[in-house]
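J.: I have a structure I would like to understand better, so I am pasting it below and will then ask my questions one at a time.
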Amino acid sequence: MPSPGARRLRTLSLPVLVWRGFWRRCPQCGSGGCFATWFKLRERCPRCNFALQREEGFWIGGIGMNTVVTFGLVGISLLVSFVVTWEDRRGVAVFVPAFAVALIVPLAFFGSSLSLWSAIHLAMTPVQPEDEVDPAWLSPAKKR
(Lines of atoms letter the chains of each structure in order from A; the text may use other names.)
(Lines give C-alpha, C1' and ligand atoms only; values in the text may rest on other atoms or scores of the structure.)
Protein backbone atom coordinates (compact mmCIF):
# COMPACT_ATOMS: atom_id res chain seq x y z
CA MET A 32 0.00 0.00 0.00
CA PRO A 33 1.51 3.36 -0.99
CA SER A 34 2.11 5.98 1.65
CA PRO A 35 -0.42 8.85 1.87
CA GLY A 36 2.14 11.37 0.60
CA ALA A 37 3.00 9.29 -2.47
CA ARG A 38 -0.19 10.33 -4.25
CA ARG A 39 0.91 13.97 -4.28
CA LEU A 40 4.21 13.33 -6.03
CA ARG A 41 4.12 13.75 -9.78
CA THR A 42 6.80 13.60 -12.37
CA LEU A 43 7.80 17.15 -13.17
CA SER A 44 7.27 17.07 -16.91
CA LEU A 45 7.30 20.27 -18.92
CA PRO A 46 3.48 20.36 -19.36
CA VAL A 47 2.99 19.98 -15.58
CA LEU A 48 5.53 22.73 -14.87
CA VAL A 49 3.99 25.11 -17.43
CA TRP A 50 0.48 24.42 -16.09
CA ARG A 51 1.58 25.16 -12.53
CA GLY A 52 3.49 28.26 -13.59
CA PHE A 53 0.62 29.70 -15.60
CA TRP A 54 -1.77 29.31 -12.65
CA ARG A 55 0.68 31.06 -10.25
CA ARG A 56 1.57 27.92 -8.33
CA CYS A 57 4.85 26.56 -7.03
CA PRO A 58 6.49 24.63 -9.87
CA GLN A 59 7.95 22.04 -7.47
CA CYS A 60 4.92 21.03 -5.38
CA GLY A 61 1.96 22.77 -7.07
CA SER A 62 1.02 24.74 -3.96
CA GLY A 63 -0.75 28.06 -4.10
CA GLY A 64 0.24 30.82 -1.73
CA CYS A 65 3.50 31.68 -3.48
CA PHE A 66 2.43 35.30 -3.85
CA ALA A 67 2.19 37.71 -0.91
CA THR A 68 0.20 40.15 -3.08
CA TRP A 69 -0.87 40.16 -6.73
CA PHE A 70 2.57 41.46 -7.76
CA LYS A 71 4.90 40.34 -4.93
CA LEU A 72 6.25 36.81 -5.06
CA ARG A 73 7.47 35.20 -1.84
CA GLU A 74 11.12 34.17 -1.66
CA ARG A 75 10.26 30.52 -1.02
CA CYS A 76 7.23 28.30 -1.38
CA PRO A 77 5.44 28.03 1.96
CA ARG A 78 4.84 24.28 1.54
CA CYS A 79 8.00 22.78 0.02
CA ASN A 80 10.55 25.57 0.66
CA PHE A 81 11.49 25.78 -3.04
CA ALA A 82 13.40 28.99 -3.78
CA LEU A 83 11.23 30.76 -6.33
CA GLN A 84 14.00 33.24 -7.19
CA ARG A 85 16.98 30.96 -7.67
CA GLU A 86 19.71 33.39 -8.76
CA GLU A 87 20.57 37.07 -9.14
CA GLY A 88 18.75 38.79 -12.02
CA PHE A 89 16.33 35.88 -12.23
CA TRP A 90 13.22 37.88 -13.12
CA ILE A 91 14.56 39.34 -16.32
CA GLY A 92 13.24 36.21 -18.01
CA GLY A 93 9.79 36.64 -16.47
CA ILE A 94 9.61 40.29 -17.45
CA GLY A 95 10.78 39.40 -20.96
CA MET A 96 8.08 36.74 -21.18
CA ASN A 97 5.47 39.27 -20.07
CA THR A 98 6.68 41.70 -22.73
CA VAL A 99 6.56 39.11 -25.51
CA VAL A 100 3.04 37.98 -24.56
CA THR A 101 1.83 41.58 -24.34
CA PHE A 102 3.29 42.57 -27.72
CA GLY A 103 1.90 39.41 -29.29
CA LEU A 104 -1.60 40.07 -28.00
CA VAL A 105 -1.42 43.75 -29.00
CA GLY A 106 -0.43 42.66 -32.51
CA ILE A 107 -3.27 40.15 -32.66
CA SER A 108 -5.78 42.74 -31.42
CA LEU A 109 -4.55 45.25 -34.03
CA LEU A 110 -4.86 42.66 -36.78
CA VAL A 111 -8.33 41.50 -35.73
CA SER A 112 -9.59 45.06 -35.25
CA PHE A 113 -8.18 46.08 -38.62
CA VAL A 114 -9.83 43.15 -40.41
CA VAL A 115 -13.17 43.66 -38.64
CA THR A 116 -13.26 47.40 -39.39
CA TRP A 117 -11.90 47.15 -42.93
CA GLU A 118 -14.91 48.85 -44.48
CA ASP A 119 -15.13 51.67 -41.91
CA ARG A 120 -11.44 52.57 -41.90
CA ARG A 121 -11.68 54.25 -38.52
CA GLY A 122 -8.56 54.46 -36.37
CA VAL A 123 -10.42 54.64 -33.06
CA ALA A 124 -12.01 51.23 -33.60
CA VAL A 125 -8.56 49.76 -34.26
CA PHE A 126 -6.44 51.45 -31.62
CA VAL A 127 -8.76 51.53 -28.59
CA PRO A 128 -8.80 47.71 -28.24
CA ALA A 129 -5.02 47.63 -28.76
CA PHE A 130 -4.48 50.24 -26.05
CA ALA A 131 -6.80 48.32 -23.71
CA VAL A 132 -4.83 45.11 -24.29
CA ALA A 133 -1.54 46.98 -23.83
CA LEU A 134 -2.77 48.31 -20.49
CA ILE A 135 -4.51 45.23 -19.04
CA VAL A 136 -2.34 42.29 -20.16
CA PRO A 137 0.97 43.29 -18.52
CA LEU A 138 -0.76 43.87 -15.19
CA ALA A 139 -2.91 40.75 -15.33
CA PHE A 140 -0.14 38.45 -16.61
CA PHE A 141 2.71 39.79 -14.43
CA GLY A 142 2.47 37.20 -11.64
CA SER A 143 1.88 34.35 -14.04
CA SER A 144 4.92 35.37 -16.08
CA LEU A 145 7.11 35.23 -12.96
CA SER A 146 5.86 31.85 -11.79
CA LEU A 147 5.92 30.54 -15.37
CA TRP A 148 9.54 31.63 -15.73
CA SER A 149 10.32 29.92 -12.40
CA ALA A 150 8.77 26.71 -13.77
CA ILE A 151 10.73 26.91 -17.02
CA HIS A 152 13.91 27.55 -15.04
CA LEU A 153 13.17 24.47 -12.92
CA ALA A 154 12.78 22.43 -16.12
CA MET A 155 16.19 23.66 -17.33
CA THR A 156 17.96 23.45 -13.95
CA PRO A 157 16.62 20.67 -11.70
CA VAL A 158 16.60 20.99 -7.92
CA GLN A 159 20.04 20.67 -6.32
CA PRO A 160 20.79 19.66 -2.70
CA GLU A 161 21.80 23.25 -1.88
CA ASP A 162 18.28 24.42 -2.82
CA GLU A 163 17.05 23.09 0.56
CA VAL A 164 13.75 21.79 -0.82
CA ASP A 165 11.76 19.57 1.53
CA PRO A 166 12.66 16.00 0.41
CA ALA A 167 9.02 14.93 0.77
CA TRP A 168 8.18 17.09 -2.27
CA LEU A 169 10.93 15.91 -4.60
CA SER A 170 9.70 13.82 -7.48
CA PRO A 171 10.53 10.10 -7.09
CA ALA A 172 13.41 10.25 -9.60
CA LYS A 173 15.03 13.16 -7.73
CA LYS A 174 15.11 11.70 -4.20
CA ARG A 175 18.59 11.10 -2.82
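Each number in the working numbering comes from the position in the sequence shown (counting from 1) with 31 added on. All residues carry an ideal CB built from backbone N, CA and C; glycine is no exception. Just so we're clear, the structure is a prediction, and the values are computed from it rather than from any experiment.
(1) Give a yes or no on whether the C-beta atoms belonging to residue 137 and residue 108 are separated by under 8 Å.
(2) Got a sec, what are the start and stop residues for the alpha helix (DSSP H) residue 58 sits in?
(3) Ordered along the chain, which non-local residues of its own chain (more than five positions away) have a Cβ less than 7 Å from that of residue 37?
(4) Whole angstroms is fine: what's the gap from residue 50's alpha carbon to residue 154's?
(5) Should residue 70 go down as buried or exposed, given a rule of 16 or more other Cβ atoms within 10 Å for buried?
(6) Give the list of continuous beta strand (DSSP E) stretches no shorter than 3 residues that lie fully inside the region 133-172.
(7) How many angstroms separate the CA atom of residue 78 from the CA atom of residue 98?
(8) Please name the residue, chosen from 114, 81, 82 and 100, that lies closest to residue 53 on a Cα-to-Cα basis.
(9) Indicate the three-state DSSP secondary structure (helix, strand or coil) for residue 126 in the structure shown.
(10) For residue 43 and residue 95, what's the separation of their Cα atoms in angstroms?
(11) Buried or exposed: where does residue 58 fall if 16 or more other Cβ atoms within 10 Å of its Cβ makes it buried?
T.: Answer, in terms of the structure:
(1) Locating residue 137 in the sequence shown gives position 106, counting from the first residue. Locating residue 108 in the sequence shown gives position 77, counting from the first residue. At least 8 Å separates the beta-carbon of residue 137 from that of residue 108.
(2) Looking up residue 58 in the sequence shown gives position 27. It is not in any alpha helix (DSSP H) - residue 58 carries neither H nor E in the DSSP assignment.
(3) Numbered from its first residue, the sequence shown carries residue 37 at position 6. Low local confidence applies: a pLDDT of 46 at residue 37 is under 50, so the model's placement there is unreliable, and no value is given.
(4) Within the sequence shown, the letter at position 19 stands for residue 50. Within the sequence shown, the letter at position 123 stands for residue 154. Answer to the nearest angstrom: the Cα atoms are 12 Å apart.
(5) Looking up residue 70 in the sequence shown gives position 39. Under this definition residue 70 is an exposed residue.
(6) Runs found: none.
(7) What you label residue 78 is simply residue 47 of the sequence shown in a count that begins at 1. What you label residue 98 is simply residue 67 of the sequence shown in a count that begins at 1. Using only the alpha carbons, I get a separation of about 30 Å.
(8) For the purposes of this step, residue 53 is taken as residue 22 along the sequence shown, with counting starting at 1. For the residues 114, 81, 82 and 100, the minimum Cα distance to residue 53 belongs to 100.
(9) Position 95 of the sequence shown, counted from the first residue, corresponds to residue 126. Helix, per DSSP.
(10) Counted from its first residue, the sequence shown places residue 43 at position 12. Counted from its first residue, the sequence shown places residue 95 at position 64. About 24 Å.
(11) As a working mapping, residue 58 is identified with position 27 in the sequence shown. That one is buried.
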